[in-house]
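Chains as they are written, first to last, in my numbering: chain V, 1 to 658; chain R, 1 to 262. Glycine included, C-beta positions come from ideal geometry on N, C-alpha and C. Let me begin by presenting the structure, written as structure tokens, before commenting on it.
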């Protein structure tokens, strides 16, 4: 006998479809999803979302989608694409969200690997891409599109509008009311809920299979941690294929029952952010950085009075803002009053312009965030925090607890997550939120998860004295210096690069006595700096070798050395000698990858002579390098590079402990 | 090419049109026709009389000789108000938008002819005036969505890049829900990407809204790619008429464009 709705809705909230049905009955009238369409925010309540999702599931089933099938989902953040995930899960299928900006060839690997038969896509653009690779993916039997614009003349029978399928499903659901409830009842928490492909910077992308149980656990721990509830609002604008968006816009929304808001288009995100005023926000560091840049540029154009007021109160905020937000004692009474005044005059309006007036909690993850940037947002009263995780761990390994924010750690392990550091410094993680497996790759799965059930993250890190995890580098990049102490090149380079004058840095030290560095200055920032000091220069190479610039960079390096000296594990990694390169490292010269990551080995080989001089104590070195211009021609750049010593500091950790 | 749309009967034709300004003959004995739902291009070197021809179509200029047959009715000339009323909308070679007004308001002005409520009701924004405004705004939002300019909805037009301004002007013309759309050099001064976008929008308008399009364009590549039929003018005379392929191989056209050895 098929299960009744009541049975399905029982107390078992262990799969996403059951969570959805529960929200529909518990808070059916509340808004679940919003989307700005034709200039107006359209809203769907939980019961409407449940009805739409059910109809979509029945429609998919009528087309032949069944338990164990994978459903590709490609497009911008559209409500119906989120619902499609749940519809697939209702039928025991697995949604596979894919990056909407991937080119057709990139998509064909995933389509083939996941044996996709059904794809739900946003619009004509995505349909065209799928048609392009259909030859190579013969399994693809149904393409369903959300937006009918431009689709009138596609007469292939395997292409259908989602509207049509939903309508078909509605009729099916009416005539077989028990069918879908029965399917939902069959779902088990240990079933695979979603498959997210890793970006594949090394080799082919891998499909990470996550179960209902793991994502619900991860979501619930985040929801409890920051006490999120049905009244919260979030803007869903990050790629649906990214684990971060899946956790925040799907899993947590389903668990906590808060509202997701889909922007009108990629270009309107800033306006939509202001209109919605989310209470909960998630963005990678570069988004926060762009926001700040926009503000700063607009402040430059403001009237003199406003500008002075802004700079005065920003200085106040830097002094005490973050401490006040953390509720720390020891802030002077005068500062408190000034901060309160600044809140009315500057910080409040600024938060409003940023669309962050209502934010209770904001997270950033995905890359290292500069301390200045981080401090800026916290100091104007936005509770920005960091988290640490990866696709394999549902993006939920460590979180920063309120009031215990450190700028250079990623916080404490989330509830129910076990984190330990391997002998080689690698971070190992165990818990409910780990991946079940890599799709069709038992070898990789076995390699990533050891016999004790620990997942090897590939990141190197350590716990500081307060139990906060600090991620320093990718484990494979971490080396040892000649005296045996830890050497984490990325960590040092990032520290240097957080200074706006330094664009790129490459440090050397593995197996060596000392750490030395190549520096690339930031042409814009240093050029500006030089102009304000009336330093004349003719181009990059000339500017880079100016004495004043060397002094400026030495100061930056020494500041970073001073910070490193406070770190017990990394105090030996202070940069002793450095030089400023005569040319910018460039992907066209194969020195950087297309995503602008330094190709360490290549750079070391190419500039071997410079490294030798750094370590031999020479004061300068002549170098001539071939460069490739944008039009494909090549030319030579040569210069006599100066090599400079930087001051280093004795380890400071003992003093701090006292 | 897609053949979803059906090219219909002749809806507008010209016979022996001549137009002169004092002693200058701008157009001499021009005759051609426009079929429903087609994209008809008028090309020619500078000063060939292309813009004059467009101005004759929507009634800015009144030809001294010739006959215009519009929807079966024979007439001597058109007048601007009437032509707008009967569904002819246009854009201009040098953008003619209200620079200080937002994109939304500019497109809204395109609805002017469709607005019926009186000034008093509009002033107090009440009853039918309010309902009407909402209707018009809906229509305008559909156009904004169609042209993908949501992100600049509230931006003053004067602050926009040239290519976007062109798109807004197209939007304003579309707001009148025209049956015939006259485009005066829609891609002039655009970069390659903007041109591609504009081509796509013109094809979409033609295909999805069924609008007949008459366009003047300098860029031969664009014209040959998107037009169904092309008229070629030179010194106010018609020297070629036909499909892009026919025009491309026409000896007179080649001479007019490349010059001829005398």
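Minimum C-alpha distance to residue i - residue among the options
{"i": "residue 143(R)", "options": "125(R), 128(R), 176(R)", "result": "176(R)"}
{"i": "residue 440(V)", "options": "367(V), 72(V), 195(V)", "result": "195(V)"}
{"i": "residue 589(V)", "options": "615(V), 554(V), 634(V)", "result": "634(V)"}
{"i": "residue 158(R)", "options": "248(R), 41(R), 101(R)", "result": "101(R)"}
{"i": "residue 56(R)", "options": "17(R), 72(R), 215(R)", "result": "17(R)"}
{"i": "residue 342(V)", "options": "483(V), 380(V), 645(V), 13(V)", "result": "380(V)"}
{"i": "residue 245(V)", "options": "264(V), 139(V), 394(V), 430(V)", "result": "394(V)"}
{"i": "residue 462(V)", "options": "491(V), 447(V), 12(V), 353(V)", "result": "491(V)"}
{"i": "residue 87(R)", "options": "104(R), 98(R), 113(R)", "result": "113(R)"}
{"i": "residue 60(V)", "options": "88(V), 73(V), 617(V), 336(V)", "result": "88(V)"}
{"i": "residue 126(V)", "options": "148(V), 139(V), 214(V)", "result": "148(V)"}
{"i": "residue 647(V)", "options": "571(V), 289(V), 494(V)", "result": "571(V)"}
{"i": "residue 164(R)", "options": "106(R), 8(R), 258(R)", "result": "106(R)"}
{"i": "residue 9(R)", "options": "29(R), 69(R), 237(R), 220(R)", "result": "69(R)"}
{"i": "residue 212(R)", "options": "185(R), 219(R), 179(R), 233(R)", "result": "179(R)"}
{"i": "residue 216(R)", "options": "82(R), 39(R), 15(R)", "result": "39(R)"}
{"i": "residue 94(R)", "options": "104(R), 183(R), 257(R)", "result": "183(R)"}
{"i": "residue 415(V)", "options": "403(V), 430(V), 548(V)", "result": "430(V)"}
{"i": "residue 201(R)", "options": "32(R), 192(R), 146(R), 46(R)", "result": "146(R)"}
{"i": "residue 346(V)", "options": "378(V), 334(V), 306(V)", "result": "306(V)"}
{"i": "residue 349(V)", "options": "621(V), 323(V), 365(V), 309(V)", "result": "309(V)"}
{"i": "residue 244(R)", "options": "236(R), 192(R), 103(R), 230(R)", "result": "230(R)"}
{"i": "residue 12(R)", "options": "24(R), 67(R), 43(R)", "result": "67(R)"}
{"i": "residue 20(V)", "options": "84(V), 64(V), 419(V)", "result": "84(V)"}
{"i": "residue 231(V)", "options": "286(V), 396(V), 532(V), 261(V)", "result": "261(V)"}
{"i": "residue 31(R)", "options": "257(R), 242(R), 256(R), 198(R)", "result": "242(R)"}
As assigned by DSSP and simplified to three states, the class of residue i
{"i": "residue 15(R)", "result": "strand"}
{"i": "residue 436(V)", "result": "coil"}
{"i": "residue 48(V)", "result": "helix"}
{"i": "residue 204(V)", "result": "coil"}
{"i": "residue 339(V)", "result": "helix"}
{"i": "residue 8(V)", "result": "In this prediction, residue 8(V) has a pLDDT of 46, which is less than 50 and means its spatial position is unreliable; nothing more can be read from the coordinates."}
{"i": "residue 139(V)", "result": "coil"}
{"i": "residue 212(R)", "result": "strand"}
{"i": "residue 67(R)", "result": "strand"}
{"i": "residue 536(V)", "result": "coil"}
{"i": "residue 116(V)", "result": "coil"}
{"i": "residue 114(R)", "result": "helix"}
{"i": "residue 283(V)", "result": "coil"}
{"i": "residue 3(V)", "result": "Any reading at residue 3(V) must be qualified, since the residue scores a pLDDT of 44, below 50, and its modelled position is unreliable; the value itself is stated next. Note: residue 3(V) maps to coil in three-state DSSP."}
{"i": "residue 228(V)", "result": "coil"}
{"i": "residue 662(V)", "result": "What is shown of chain V runs 1 to 658, which leaves residue 662(V) out entirely."}
{"i": "residue 41(V)", "result": "strand"}
{"i": "residue 240(R)", "result": "strand"}
Beta-carbon contacts of residue i that lie in its chain and below 6 Å, excluding the five residues immediately before and after
{"i": "residue 496(V)", "result": "502, 505, 560"}
{"i": "residue 374(V)", "result": "407"}
{"i": "residue 498(V)", "result": "370"}
{"i": "residue 566(V)", "result": "652"}
Own chain, CB closer than 7 Å to residue i, minus 5 neighbours either side, in chain order
{"i": "residue 122(R)", "result": "129"}
{"i": "residue 252(R)", "result": "239, 240"}
{"i": "residue 117(V)", "result": "69, 139, 140, 141, 142"}
{"i": "residue 3(V)", "result": "Since pLDDT at residue 3(V) reaches only 44, below the 50 mark, its modelled position is unreliable, and the value read off the structure follows with that caveat. Contacts found: 181, 182, 185."}
{"i": "residue 593(V)", "result": "587, 599"}
Close beta carbons around residue i, own chain, < 8 Å, minus the five adjacent residues each side
{"i": "residue 545(V)", "result": "580, 582, 639, 640, 641, 642"}
{"i": "residue 228(V)", "result": "222, 252, 256, 258, 280, 361"}
{"i": "residue 167(V)", "result": "55, 59"}
Residue i CB to nearest heavy atom of the ligand GDP below 6 Å
{"i": "residue 172(V)", "result": "For the ligand GDP, the structure offers nothing, since it holds no ligand at all."}
Notebook entry, point to check: Is the number of C-beta pairs between the stretch 462-481 of chain V and the stretch 233-245 of chain V that are closer than 8 Å three or more?
Noted result: Between the stretch 462-481 of chain V and the stretch 233-245 of chain V there are fewer than three C-beta pairs closer than 8 Å, too few to call the two in contact.
Notebook entry, point to check: Is the stretch 298-316 of chain V touching the stretch 267-274 of chain V, taking contact as three or more C-beta pairs under 8 Å?
Noted result: No, the stretch 298-316 of chain V is not in contact with the stretch 267-274 of chain V.
Next item on the list: Could you tell me which uninterrupted beta strand (DSSP E) segments, each at least 3 residues in length, are contained entirely in the stretch 301-369 of chain V, listed from first to last along the chain?
Entry: 361-364
Margin query: Which runs of the alpha helix (DSSP H) at least 4 residues long sit entirely within the stretch 54-134 of chain V? Give them in chain order.
Written below: 79-90, 104-113, 124-133
Checklist line | Within the stretch 158-190 of chain R, ranges of the alpha helix (DSSP H) (whole runs, at least 4 residues) | finding: 162-175
Next item on the list: Could I get the ranges of all uninterrupted beta strand (DSSP E) runs contained in the stretch 424-473 of chain V, with 3 residues as the minimum, in chain order?
Entry: Restricting attention to beta strand (DSSP E) runs no shorter than 3 residues, the stretch 424-473 of chain V encloses them at 426-431, 455-463, ordered along the chain.
Check: Which ranges would you report for the alpha helix (DSSP H) in the stretch 545-597 of chain V if only whole runs of at least 4 residues count?
Finding: 547-565
Notebook entry, point to check: In the stretch 371-422 of chain V, which residue ranges form an unbroken alpha helix (DSSP H) of at least 4 residues, counting only runs that do not cross its ends?
Noted result: 371-379
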